[in-house]
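Residue numbers (my numbering), protein chains in the order written: chain B, 479 to 1099; chain C, 361 to 539.
Read the structure below first, then the notes.
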Amino acid sequence: MTIDGQSVTVPPGTLIVEAAKNVGVEIPVFCYHHKLDPVGACRLCLVDIAPGPPRPQTACTTPVAPNMVIKTQSAMAVQARAEILEFELVNHPLDCPVCDKGGECPLQDFTFRHGYPTSRIDGPRLHFKKPIPLSANIALDRERCVLCYRCTRYYDEIAWEQELTTGQRGVQSFITSQFDQPLTSIFSGNIIDLCPVGALTSRVWRFESRPWDMTQTGSVCSKCAVGCSVTLWQRRGQLVRVTSRENDDIDEGWICDRGRFDYTDVNDPKRLRVPVVKGAGSTWNTAIDALAAGIKGKGPKLGISLPQDLTNEEAFLFRRLLDGPLKGAKVKMHGRTALPEPDPNQLLIKEIDDARVIVVVASDTEKDVPVVNLRIKKAVSKRGAQLIVVHPDGVDLDRNPHTVHVRNAAGSAAAEVEKLASHELLKSPGGPVAILFGDGHGSEDAADLAAACAELASKVGGKVMPLYRATNERGALDAGVAGWDKLDGVQALLSWGPPPTAGIPSSVKFLATWDHLQRPDHSRAAVVLPATTFAEQQGSYTNLEGRVQFLRPPIPVAEPLKESWEVLTELAVALGLELGYTGIFAVQRDAAQTLPGLADLAEPPSPTPVPTPVLIGPAHP
Amino acid sequence: MTVLSEHILEEIRDLPSKFPQPRSAVMPALDLAQEELGHLTPEAMTEVAHELQLDPGYVEGVATFYTLFHLAPTGKHRFYVCTNLSCMLRGADDVVARLKSEIGVHEPGEVSKDGLFSYEEVECLGACEYAPMCRVDHAYHYDLTPDSIARLVAERRNGGSAVAAPKKARAPRKRKADA
């Protein structure tokens, strides 16, 4: 086929709008999104197709055919798009100077590139109350909306929810939340990225900055074990925005609201910046000496509490300390599951797409691994997979009426999984089976369950995926520091990250902490070290499928803050262990050679790739 | 305690089996709910959604799309007066004016003080040959005059029957072939 004189070959069924991307021809779209079903609502993608009727047709709903000749620049197509844009602007308030979308707004860009230079509209415009808070995080401006229905379609198709809907009809249509109640979905924030105009904007990042005032880096989310790709936006040393970054192996461009909105602690004006010893500001040397003196030689009377987002590098350095001067210490990692180390040939997230039957055991995936939950929904609703859930309570995946829900008594999941082998859906699944299992938040025997799932997988022909919850549980398991010890009775406690969820044991006489926020528990601490966050420090996480991904912090480490590998190396020296690392790459090289699970660390992080120019605005590839 | 009574819910539960797509039952279900309550409240829509295993947001979207689903209280007797072309040409304006003064309201959707009446101006109800016409309590009334609409109001105010007025016999239409 030919597009604007360039010949292009694409697989049958490809939509014209996608084929045009291959040859760098821009066909403007509002309603079309490559992850949503085409709908043809906005009519902006009109092109001239031959052979075909002598009128412009939508490129977003028309699949290619052999020898088709498409003209995007014929007089008819150019005029059709300009007139559609004129219609889109009939009720648009043109308040770009006060709109957060300004500068990255497809409506602005397309009007500039495809629209008429002046407006012929002088009649009254539709008016709505604005902005309407759709939830604590999202604001809706109905006047700016062009009714592309990306948001409601996303809710329906991807998130399987319908709390966002269209009210009224025709020219009076508007987007509304169910009975004007706040949105509750954990996936609500994605509609901000999806919105091609300024109708849905973030309230957390409201009137903060213009896109051209910020720098961005492509990093990894630190909130759970899925490890979604995110873009971190920095301005003047502040983390001002987190958006999704499409990675088809993991997140497909969706992130959850925890990853998107839960970042303001990075900018907290009360962040700890200097080391504190016994309540008074101090130098790093004094503080690290005081810390070493407090924890040296305590053996099992020392407790170490580790955060869920411990990096692989920190995990490796703790391994070195625990093998050396801190031998015998009790280690407890925040938020980790009881799941054992995984089978090396485990299921990958992208393989869920091809599963014919998906079995989810002992986990409400919406809460535990939100974006994997969306992957399961996609496999079911777009690829026709069957779904079996084994869980004592109702879960999010029950939104599909065809979900087979086996309600087990808490603790009996392993027995139920054994029975599943003879389930009618699994007798001849017709393709690979995906088995995902959690630990029921402690209610199930994780080892039994893992064995039962592995057995089921071998019987019916599938792979298993243990659903870890803590961000870097896999990396900590690989380094052998994903401790599960009880901290009761320890005399000294090193709390790396936030305090232990169960509170600080009363037996603790010496408390030292590395934390980025002030907390009430710190009044008891002898040493408080200021911590860097995911937006400042280098490092890597291993996600639940075993993929090592590197953080690319957008904010430089501001003196006197130090990166964690440096603090741990200095601590080791103070404890008498000379590590001799001069940079994080040295730590990573050493970790890769010493620990087989962290071998991927040897691959040095590639520099942030130069983003390929996208034709439809940065947040909407 | 549900806002819809048990027998209505029962009826709604039976609806999906009558359609190839279960969610097609949403409109007849909303109709049943509106019959019972007079208008659709968020609670009623939520109950309908629950019975049909749909999201309340979807049900709300459908309810706001159609003008014959009422989201605010209406009179016990709703007058749907056609003000489309044929009816307008044959005096629907006068009929509406008289109706407004009879039931004492100023605009469509407003409920009369006694709570008995409200009216809507609607587009074509498909009875142009009997213009002007209106629909009250599921029955069509034809060839309206200001006096006849006043009579319809009076009948209902006095608890009169809500039976459709008999159609007048009309001469058969001339077909093209006859001309």
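Backbone N, C-alpha and C fix where the C-beta goes; we use that ideal spot for every residue, glycine too.
Does the ligand ZN have even one heavy atom less than 7 angstroms from the beta-carbon of residue i?
i	result
glutamine 1015 (chain B)	Inclusion of the ligand ZN in the displayed structure is not the case, the ligand content being empty and no account of it being possible.
Can you tell me which of the three DSSP states residue i falls into?
i	result
isoleucine 728 (chain B)	coil
glycine 580 (chain B)	coil
alanine 1009 (chain B)	coil
proline 595 (chain B)	coil
proline 1099 (chain B)	Below a pLDDT of 50, predicted positions are generally treated as unreliable, and proline 1099 (chain B), at 33, falls in that range; the measurement from the model is reported next regardless. Of the three classes helix, strand and coil, the one that applies to proline 1099 (chain B) here is coil, per DSSP.
arginine 517 (chain C)	helix
cysteine 629 (chain B)	helix
cysteine 509 (chain B)	coil
proline 402 (chain C)	helix
arginine 681 (chain B)	coil
phenylalanine 379 (chain C)	coil
threonine 979 (chain B)	coil
serine 687 (chain B)	coil
alanine 912 (chain B)	strand
aspartate 821 (chain B)	coil
aspartate 944 (chain B)	Per the sequence presented here, residue 944 (chain B) reads as proline, with aspartate not at that position. It is a strand residue.
isoleucine 782 (chain B)	strand
cysteine 699 (chain B)	coil
lysine 937 (chain B)	helix
Cβ atoms of residue j and residue i: under 8 angstroms apart, would you say?
i	j	result
arginine 458 (chain C)	alanine 510 (chain C)	yes
serine 985 (chain B)	aspartate 966 (chain B)	yes
leucine 995 (chain B)	aspartate 787 (chain B)	no
valine 942 (chain B)	leucine 1022 (chain B)	no
proline 820 (chain B)	glycine 1024 (chain B)	yes
valine 968 (chain B)	lysine 779 (chain B)	yes
isoleucine 782 (chain B)	tryptophan 974 (chain B)	yes
leucine 717 (chain B)	threonine 695 (chain B)	no
isoleucine 636 (chain B)	lysine 855 (chain B)	yes
leucine 927 (chain B)	valine 839 (chain B)	yes
threonine 1010 (chain B)	leucine 1029 (chain B)	no
glycine 705 (chain B)	isoleucine 728 (chain B)	yes
aspartate 634 (chain B)	threonine 550 (chain B)	no
glycine 435 (chain C)	serine 478 (chain C)	yes
leucine 852 (chain B)	alanine 899 (chain B)	no
isoleucine 610 (chain B)	isoleucine 670 (chain B)	no
glycine 676 (chain B)	cysteine 520 (chain B)	no
isoleucine 494 (chain B)	valine 556 (chain B)	no
isoleucine 664 (chain B)	leucine 1049 (chain B)	no
aspartate 846 (chain B)	leucine 945 (chain B)	yes
leucine 1057 (chain B)	arginine 798 (chain B)	yes
leucine 784 (chain B)	valine 959 (chain B)	yes
valine 884 (chain B)	glutamate 896 (chain B)	no
proline 910 (chain B)	glycine 872 (chain B)	no
With a threshold of 7 angstroms on Cβ separation, who are the neighbours of residue i within its own chain once the five nearest residues in sequence on each side are excluded?
i	result
proline 506 (chain C)	Asp454, Val455, Arg458
serine 655 (chain B)	Leu612, Glu641, Leu642, Leu661
leucine 392 (chain C)	Ile368, Glu371, Ile372
threonine 949 (chain B)	Ser700, Lys701, Cys702, Ala703, Gln786, Asp787, Tyr1019
Could you confirm whether any beta carbon from chain C is found closer than 8 angstroms to the beta carbon of residue i?
i	result
leucine 1079 (chain B)	no
proline 879 (chain B)	yes
Give me, in chain order, the residues of the same chain whose beta-carbon lies closer than 8 angstroms to that of residue i; leave out the 5 immediate sequence neighbours on both sides.
i	result
threonine 424 (chain C)	Leu431
arginine 861 (chain B)	Asp831, Asp832
glutamate 564 (chain B)	Gly593, Tyr594, Ser597, Arg598, Ile599
threonine 427 (chain C)	Glu480, Val482
glutamate 496 (chain B)	Val488, His512
phenylalanine 988 (chain B)	Gly772, Ile773, Gln969, Ala970, Leu971, Ala1004
Kindly indicate if chain D contains any beta-carbon less than 8 angstroms away from that of residue i.
i	result
serine 859 (chain B)	No chain D appears in the structure shown, which is made up of the protein chains B and C.
Can you find the residues in the same chain that come closer than 6 angstroms, C-beta to C-beta, to residue i, ignoring five residues on each side of it along the sequence?
i	result
glycine 777 (chain B)	Gly806
aspartate 999 (chain B)	Pro977, Ile982
aspartate 538 (chain C)	Its pLDDT being 48, under 50, aspartate 538 (chain C) is placed unreliably in this model, and the value from its coordinates should be taken loosely. Hits under 6 angstroms: none found.
task: Report the residues of the region 403-426 of chain C with a CB closer than 7 angstroms to any CB of chain B, ordered along the chain.
output: Gln413, Asp415, Pro416, Gly417, Tyr418, Glu420, Gly421, Thr424, Phe425
### Message
Taking beta-carbon pairs under 7 angstroms, can you tell me which members of the region 638-672 of chain B lie near chain C?
### Response
Glu639, Gln640, Glu641, Leu642, Thr643, Thr644, Gly645, Gln646, Arg647, Gln656, Phe657
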